[in-house]
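Trainee: Got a structure for you, written out below as structure tokens; questions coming shortly.
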Amino acid sequence: AQRVTQPEKLLSVFKGAPVELKCNYSYSGSPELFWYVQYSRQRLQLLLRHISRESIKGFTADLNKGETSFHLKKPFAQEEDSAMYYCALSPTQGGSEKLVFGKGTKLTVNP
Amino acid sequence: GAGVSQSPSNKVTEKGKDVELRCDPISGHTALYWYRQSLGQGLEFLIYFQGNSAPDKSGLPSDRFSAERTGGSVSTLTIQRTQQEDSAVYLCATSGGSSYNEQFFGPGTRLTVL
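Protein chains in written order, with the working numbering: chain A, 816 to 926; chain B, 3 to 116.
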């Protein structure tokens, strides 16, 4: 079975502090992993994906197959980072490329 | 260019009524997905279309739920005999073209079943 776990429903940090949003997954094959973000009153949008290995808005995420994790990190949080963050997995077998989402972490960056 | 659009943005209905939710994809996107976002359940996959066919319907929660896609474009999600537990935000996403595998989401339809 495919499963994505985000253990923290809520995460609150101060501006300028480092932030890490945790994501663990369960999948028997080699998945594609994504982070999606939903800012207040906006639609869900892609933040980054592991195959791109890029940094978006200062965020990075490294796929750790040994620990089956894909944690999202940013060294210095900004107030505009406050949003709902979803980790998602796309199974590479089966062909549908659907996304299996975690339940999300609401990040609040305080001034 | 225009993104994914969905209509209506809000729908309030009575238990037992049928509802239709519409998704207009980004032009040229061949893949279309429906998801449901509800409190406590997060985002759940419902159904996937490639063109007009639906090779993956594994997420539809019951036979009251159905979806179709015509002309490789517009999709309609139909919920028959709605129940209160169907209340949720229904999201449509599409992918294809140059941004292979990135799913672009619509604004959603908020369904409330009284």
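For each residue, glycine too, the CB sits at the ideal point set by N, CA and C.
Computed from a predicted model, the values in this text were never measured in an experiment.
Which chain B residues are close to A/Arg858, counting only those with a beta carbon under 9 Å from its beta carbon?
Mentor: Gly5, Val6, Leu93, Phe106, Phe107, Gly108, Pro109 and Gly110
Trainee: Between B/Ala95, B/Gly98, B/Asn54 and B/Ser89, which has its C-alpha nearest B/Pro63's C-alpha?
Mentor: B/Ser89
Trainee: Short check: CB of A/Ala876 to CB of A/Leu863, under 8 Å?
Mentor: yes
Trainee: Relative to the ligand GTP, is the shortest distance from any of its heavy atoms to the C-beta of A/Pro926 smaller than 7 Å?
Mentor: The model on display carries no ligand, and the ligand GTP is accordingly not part of it.
Trainee: So, for B/Glu16: in the same chain, excluding its five sequence neighbours on each side, which residues have a beta-carbon less than 7 Å away from its beta-carbon?
Mentor: Leu116
Trainee: Is it the case that the Cβ atoms of B/Ser29 and B/Pro109 are separated by a distance below 8 Å?
Mentor: no
Trainee: Can you give me the start and stop residues for the beta strand (DSSP E) that B/Leu62 sits inside?
Mentor: Looking at the DSSP string, B/Leu62 is not in any beta strand (DSSP E), and its letter there is neither H nor E.
Trainee: At 9 Å on the CB atoms, spell out the chain A contacts of B/Asn12, in chain order.
Mentor: Those do not exist, as B/Asn12 stays about 14 Å from chain A at its closest Cβ, beyond 9 Å.
Trainee: Once DSSP output is grouped into helix, strand and coil, what is the label at A/Asp896?
Mentor: Helix, per DSSP.
Trainee: For B/Gln85, which option in B/Lys59, B/Ser7 and B/Gly18 has the closest C-alpha, if you only look at C-alpha atoms?
Mentor: With distances taken between Cα atoms, B/Gln85 lies closest to B/Gly18.
Trainee: Name the DSSP beta bridge partners of B/Arg38, please?
Mentor: For B/Arg38, the beta-bridge partners assigned by DSSP are B/Glu46 and B/Tyr92.
Trainee: Does DSSP classify B/Glu104 as helix, strand or coil?
Mentor: strand
Trainee: Between B/Gly61 and B/Ile49, what straight-line distance do the alpha-carbon atoms span, to the nearest angstrom?
Mentor: 6 Å
Trainee: Closer than 8 Å, CB to CB, is B/Leu45 near chain A or not?
Mentor: yes
Trainee: Can you tell me whether A/Ser867 is buried or exposed, with buried defined as 16 or more other CB within 10 angstroms of its CB?
Mentor: Burial call: exposed.
Trainee: Any idea if A/Pro822 is buried or exposed, counting beta-carbon neighbours within 10 angstroms, 16 or more meaning buried?
Mentor: Exposed, by the Cβ-count rule.
Trainee: Can you tell me whether B/Leu79 is buried or exposed, with buried defined as 16 or more other CB within 10 angstroms of its CB?
Mentor: buried
Trainee: Using the beta-carbon of each residue, which ones in chain B are nearer than 7 Å to A/Asn913?
Mentor: In the sequence on display, residue 913 of chain A carries Lys and not Asn. Chain B residues near A/Lys913: Tyr35, Phe47, Tyr50 and Asp58.
Trainee: Using the beta-carbon of each residue, which ones in chain A are nearer than 8 Å to B/Asn54?
Mentor: Those do not exist, as B/Asn54 stays about 15 Å from chain A at its closest Cβ, beyond 8 Å.
Trainee: Counting C-beta neighbours from all protein chains within 10 Å, is the total for A/Lys913 16 or more, i.e. buried, or is it exposed?
Mentor: Buried, because 16 or more other Cβ atoms sit within 10 Å of the Cβ of A/Lys913.
Trainee: Of the residues B/Val91, B/Ala33 and B/Ser7, which one's Cα is nearest the Cα of B/Leu41?
Mentor: B/Val91
Trainee: Report the residue from B/Lys13, B/Cys25 and B/Asp65 whose alpha carbon sits nearest the alpha carbon of B/Trp36.
Mentor: B/Cys25
Trainee: Closest to B/His31 by CA distance: which of B/Gly98, B/Ser55, B/Lys13 and B/Gln105 is it?
Mentor: B/Gly98
Trainee: Tell me, to the nearest whole angstrom, how far the beta carbon of A/Leu861 is from that of B/Glu104; I am working on the premise that it is less than 8 Å.
Mentor: 5 Å
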